[in-house]
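Q: Below is the structure I would like to discuss, written out as structure tokens.
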Amino acid sequence: MGGHWYKYRLEARMLHIGDVFKGGIYKPTVNYLRATAITFCLRRYLGDKEIFAFGGEIEGVRKVMLRNPFDRVTLTGRTSGDRGPVQIEYIEDARCEVYVNKDIGEGIEVLLGGFKSLGFGLSILKKVGEVEVGSYGSGSLVSAIPLPWKDKFGIKRVESGIYGYLFVPDDVDVLRGRYVKSLFPGSYIYGEKVLIK
Amino acid sequence: MKEYHPECHDAGKLVYTVIGGEDKHWMFLGKLGEPWQKVIAQHHYMKEDDAIYFPSDLYVFLSCVADHLAASTVRQERWKGVPNYFTNRLWKKEKWDFDSYIEKGKGLMKLIEDIKGVSYDDFRGELIDYFNSEPIDFLERYRDVLNARAEDVSPGANVVSLYIHSVVVKKFYFLLNELIEEGDDRVKRLIKEINEGIEKRFSCDLSELKSKLRDLEDDLLNELKVNVIYCDVVIPHYIFRVHDLNFFREVRERIDQIKGKYEDNFFSFFGYSFVVLCGDGKKKKIEEELDELIRDYKVVLRVKSQRVQLNQLKDLFDDLRNKRWGVKMVEINDEVEGYLCEVCRLDKGGRYEEDGKVVYLCNVCYDLRERGKARGRFEKYASWEEGYVCALGFRIEFNKVFGWFDILYRDYVEQMKGRGIITQGRDELEELRIKNPLPLVEEFIKSFGSDVVGVVKGRIKKRFGDGNFEEVSDNFVLVHLESRGDVLDLLDLVYGCLRDEMSSLFIDGVESPVRIYFGVGHIKHPFFAFYRSFVGEWGGKDICLEVVGEVPVYMSFLQFESIIRFKEGVMMDFDIARAKIHQMLEIARVSEALGEIAYINSGLGNRGGDKLIEGIGYSGLMVLFKIFDMYMSREV
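Residue numbers (my numbering), protein chains in the order written: chain A, 1 to 197; chain B, 198 to 833.
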């Protein structure tokens with residue numbers, strides 16, 4: 001990593017960071033900004049594959065929107081089956097701290113998370129400061145970070161890990177990819193202080 | 198082989214009418230042949246200078262040590278007052294009985310006659326006969342009277358029942374045996390000295406021997422170290438099919454199996470949480486069993502473990518509270534290509550067809566689902582097609598229990614002093630304290646499980662009908678509601694039970710260890726979403742009311758009580774109340790906004806928001822009033 005973490009403040013009116021699962025009508029959101037979501041979002045906007053970023057806990061009010069998909073053939077709302085009304089959980093007035101390994105400017109507007117076509121995810125990132133790399137401590141991890149990125153984020157030691165998988169898209173085709181073993185919030189680590197609470 | 202049955206050690210307390218055991222001729226004189234008779238006789242007549250009643254071997258001596266370990270309060274010789282034979286449970290403040298069963302010499306008789314419905318003499322005769330043969334079912338046979346009778350009747354100490362005390366002594370007795378067996382040379386030397394002392398009992402000064410044995414006991418308890426493991430089993434699966442609820446059932450059955458194997462090592466068992474006390478050998482075995490549980494079900498184990506001296510158990514829960522959680526979970530591969538298992542998301546999912554749909558499941562989850570289908574016990578939940586469901590869950594946070602007991606106990610002692618029941622040591626309140634929290638925790642869990650959770654379940658079935666009630670586990674149930682507003686009936690029902698049986702929860706400024714979750718959603722709302730909120734963090738609040746689609750409302754027990762009272766007022770004339778509520782909500786909204794501005798202006802922080810809200814907050818109030826509205830609309 002470089003010499004600094006660039007600290008940004010993310011604000012979004014409605015944000016859905018999907019907790020992917022198969023099960024029909026309910027689409028839950030998580031309340032932290034995982035590293036893969038913000039990293040690949042910024043890489044897509046800035047075209048820089050060396051960017052690494054993560055976010056902490058997302059503050060805001062958790063709500064559910066009922067959305068009934070529209071059938072363009074019959075010109076009616078779908079009511080049954082897998083394509084019936086969906087409940088989209090989202091965070092209203094979402095606020096979150098984001099740390100990026102590169103200076104991406106004073107402010108940037110990005111589309112982040114799921115259901116972008118429904119108006120979710122329009123977010124503004126504003127620079128609020130810089131934190132020097134190299135200040136370490138032990139504590140509970142605030143974000144979800146793929147294990148192969150551990151060194152990039154300055155995680156020196158995992159003392160008690162909560163593991164799961166995060167989806168990492170291919171470089172060439174973003175719709176394809178693989179699931180990578182990752183550390184999840186609540187894991188106890190020794191690493192950069194910005195990563196822990 | 199005949200056993201010692203240390204759980205019977207206090208049997209005399211069922212028939213004593215006078216403290217100190219003056220009524221010594223009722224039992225066992227000339228009947229000291231059986232090991233359990235030796236344990237009882239030694240225990241009751243230790244104060245007599247008679248070598249016949251002195252511990253006759255190491256195991257009798259250890260039952261005595263176990264009894265000392267299991268004493269829940271520090272006995273204060275200087276404290277005088279009237280003995281009370283009735284157990285006053287600390288969490289039942291409004292049921293504390295300071296008047297009954299305290300008549301000197303008659304209190305126990307009255308208690309036994311009230312409970313057993315037979316004369317005291319008949320009861321005594323029957324009990325003495327009982328101990329002629331091996332007392333294999335002592336705890337079950339005398340459960341009712343053991344439950345009512347306090348272990349220690351001296352002023353301020355009648356907070357643990359004789360039943361729980363006997364159970365804990367039995368566990369400590371076996372624990373001591375286990376620790377001694379794997380003890381080092383120093384422990385072996387101490388045991389040798391104890392054995393030598395016991396052998397000399399007929400040929401030396403007994404008071405000197407007693408004092409020597411007391412010193413040896415202290416040394417032994419300093420030397421023996423016990424492993425304390427506090428476990429919380431969390432099921433992280435994405436359960437949205439009814440058959441997958443089988444996870445809860447099977448995991449619980451496996452935990453029960455482990456508990457069955459190590460019965461005497463398991464303490465404080467509630468829901469999917471438990472505390473284990475064991476030596477190094479059993480620790481390894483229990484850990485192996487738990488590892489197997491993790492492998493077989495992919496559950497996550499939150500663990501805090503500690504190795505402590507046996508005489509430092511009083512600090513146990515403080516130590517555990519300050520320790521951080523460790524996490525144990527199944528090993529997962531570095532990468533997965535293709536699809537993840539839909540249920541656990543911790544392994545690659547194989548492709549299966551189910552009712553014409555393609556599903557991706559790992560072997561473990563597929564097997565569990567198939568076994569769930571075969572067992573098919575959650576039929577009621579599966580049959581609910583319309584309406585809403587309320588998930589009702591109960592949790593106990595063990596590491597908060599002790600701090601709570603400490604406060605309740607001080608309150609109890611204050612009340613006794615105020616009533617003149619304790620007549621000396623007025624300025625020495627700090628000296629009367631809880632010595633070992635484990636018996637109290639056991640007593641509390643037993644009481645919470647049967648008097649609150651059990652009663653709530655019964656009342657739900659009565660109020661909503663058996664067909665609308667599904668028990669996922671003993672601390673998590675589902676209730677079928679016609680309207681979301683019906684959750685108010687559930688709140689009322691739970692409040693009623695808590696008020697009756699756990700009135701000490703409603704004390705201002707005291708953090709309780711009880712957590713109650715109400716989650717209301719459409720019948721199709723995935724189960725895991727409720728369960729995640731249930732096991733999640735609630736910002737230190739006691740109750741979580743979550744209506745899907747609305748902001749979760751977190752409340753303390755006092756706020757819960759206010760809501761119930763407020764509801765009663767509102768329901769009397771809802772139309773008038775509705776207008777007033779709108780005004781009130783508006784005031785709450787503006788106040789909250791002004792509060793945030795004031796907070797920001799004060800320079801104390803730059804994002805007040807939710808951090809400002811100490812109480813329920815505007816959005817929480819809004820949710821509650823929406824529920825009121827739904828409740829009233831339902832009846833129109």
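We put the CB at the ideal spot given by N, CA and C, even for glycine.
1) Counting only Cβ pairs nearer than 7 Å, list the residues of chain B close to Tyr163(A).
2) Give the residues from the stretch 183–197 of chain A that approach chain B closer than 9 Å (Cβ to any Cβ), ordered along the chain.
3) Measuring alpha carbon to alpha carbon, tell me which residue in Leu675(B), Tyr549(B) and Ser753(B) is nearest Ile720(B).
4) Work out the CA separation of His722(B) and Gly664(B) for me, nearest whole Å.
5) What does the alpha-carbon distance come out to for the pair His241(B) and Asp207(B)?
6) Compare the Cα-Cα distances from Ser140(A) to each of Gly129(A), Ile155(A), Val133(A) and Trp149(A) and report the closest residue.
7) Look at the alpha carbon of Val561(B) and the alpha carbon of Thr29(A), and state the distance between them as a whole number of angstroms.
8) Please report how far the alpha carbon of His440(B) lies from the alpha carbon of Lys495(B), in whole angstroms.
9) Which runs of the alpha helix (DSSP H) spanning at least 4 residues fall entirely within the stretch 498–548 of chain B, listed in chain order?
10) Between which two residues does the beta strand (DSSP E) holding Val110(A) run?
11) Tell whether a beta-carbon distance below 8 Å holds between Val497(B) and Met526(B).
12) If you follow the alpha helix (DSSP H) that Cys401(B) is in, where does it begin and where does it stop?
13) Mapping the DSSP letters down to three states, classify Cys562(B) as helix, strand or coil.
14) Hey, quick one: how far does the beta strand (DSSP E) through Ile391(B) stretch, first residue to last?
15) Which residues in the same chain have their Cβ closer than 8 Å to the Cβ of Lys27(A), if we skip the five residues on either side of it in sequence?
16) By DSSP, does Leu287(B) sit in helix, in strand, or in coil?
17) Compute the beta-carbon to beta-carbon distance between Ala37(A) and Leu112(A), rounded to the nearest angstrom, for a pair I have assumed lies under 8 Å.
18) Going along the chain, which residues of the stretch 529–555 of chain B sit with their C-beta nearer than 8 Å to a C-beta in chain A?
19) Taking just the CA atoms, how far does Ile51(A) sit from Leu42(A)?
20) Restricting to Cα atoms, I'd like to know which of Leu635(B), Asp294(B), Asp826(B) and Glu414(B) is closest to Phe258(B).
21) Taking 8 Å as the CB-CB cut-off, is Lys823(B) touching chain A?
22) Using a beta-carbon distance below 8 Å, is Ser351(B) in contact with chain A?
23) With a threshold of 8 Å between beta carbons, is Glu472(B) in contact with chain A?
24) Using DSSP bridges, identify the partner residues of His4(A).
25) Is it buried or exposed, Ala790(B), if we count other Cβ atoms within 10 angstroms and call 16 or more buried?
26) Enumerate in chain order the residues of its own chain whose CB-to-CB distance from Val707(B) is below 7 Å, with the five nearest sequence positions on each side excluded.
27) Where DSSP assigns a beta bridge to Pro146(A), which residues make up the other side?
28) Cα separation between Ala571(B) and Asn443(B)?
29) Can you tell me the Cβ-Cβ gap for Tyr469(B) and Val425(B), rounded? I've got them flagged as a contact below 8 Å.
30) DSSP on Asp412(B), reduced to helix/strand/coil?
31) Quick one: does His722(B) have its CB under 8 Å from some CB of chain A?
32) Could you confirm whether any beta carbon from chain A is found closer than 8 Å to the beta carbon of Ser816(B)?
33) Please determine whether the Cβ atom of Met526(B) lies at a distance below 7 Å from any heavy atom of the ligand GTP.
34) Counting only the same chain and skipping the five closest in sequence on each side, list residues whose C-beta sits under 6 Å from that of Phe771(B).
35) How about the stretch 637–645 of chain B and the stretch 587–600 of chain B: do they share at least three Cβ pairs that are nearer than 8 Å?
36) Check Ser839(B) in the structure and name its three-state DSSP category.
A: On the basis of the coordinates in this document:
1) Met526 and Ile529
2) Gly186, Ser187 and Tyr188
3) Leu675(B)
4) 19 Å
5) 8 Å
6) Ile155(A)
7) 26 Å
8) 17 Å
9) 513–519
10) Gly107 to Leu111
11) yes
12) Here Cys401(B) belongs to no alpha helix (DSSP H), and DSSP marks it neither H nor E.
13) helix
14) It is not in any beta strand (DSSP E) - Ile391(B) instead sits in the alpha helix (DSSP H) that spans Asp382 to Glu396.
15) His16, Gly18, Val86, Gln87, Ile88, Glu89, Gly114 and Phe115
16) coil
17) 7 Å
18) Ile529, Asn530, Asp531, Glu532, Val533, Glu534, Leu537, Glu539, Arg542 and Leu543
19) 7 Å
20) Glu414(B)
21) no
22) no
23) Looking at the sequence shown, residue 472(B) is not Glu but Val. Judged by the 8 Å Cβ criterion, Val472(B) is not in contact with chain A.
24) Glu132(A)
25) exposed
26) Trp601 and Ile604
27) Ser182(A)
28) 10 Å
29) The Cβ separation is near 18 Å, so there is no contact.
30) helix
31) yes
32) yes
33) Annotation note on the ligand GTP: not contained in the displayed structure, which lists no ligands.
34) Met829
35) yes
36) The structure shown does not extend to residue 839(B), since chain B is modelled only from 198 through 833, so no value can be given for it.
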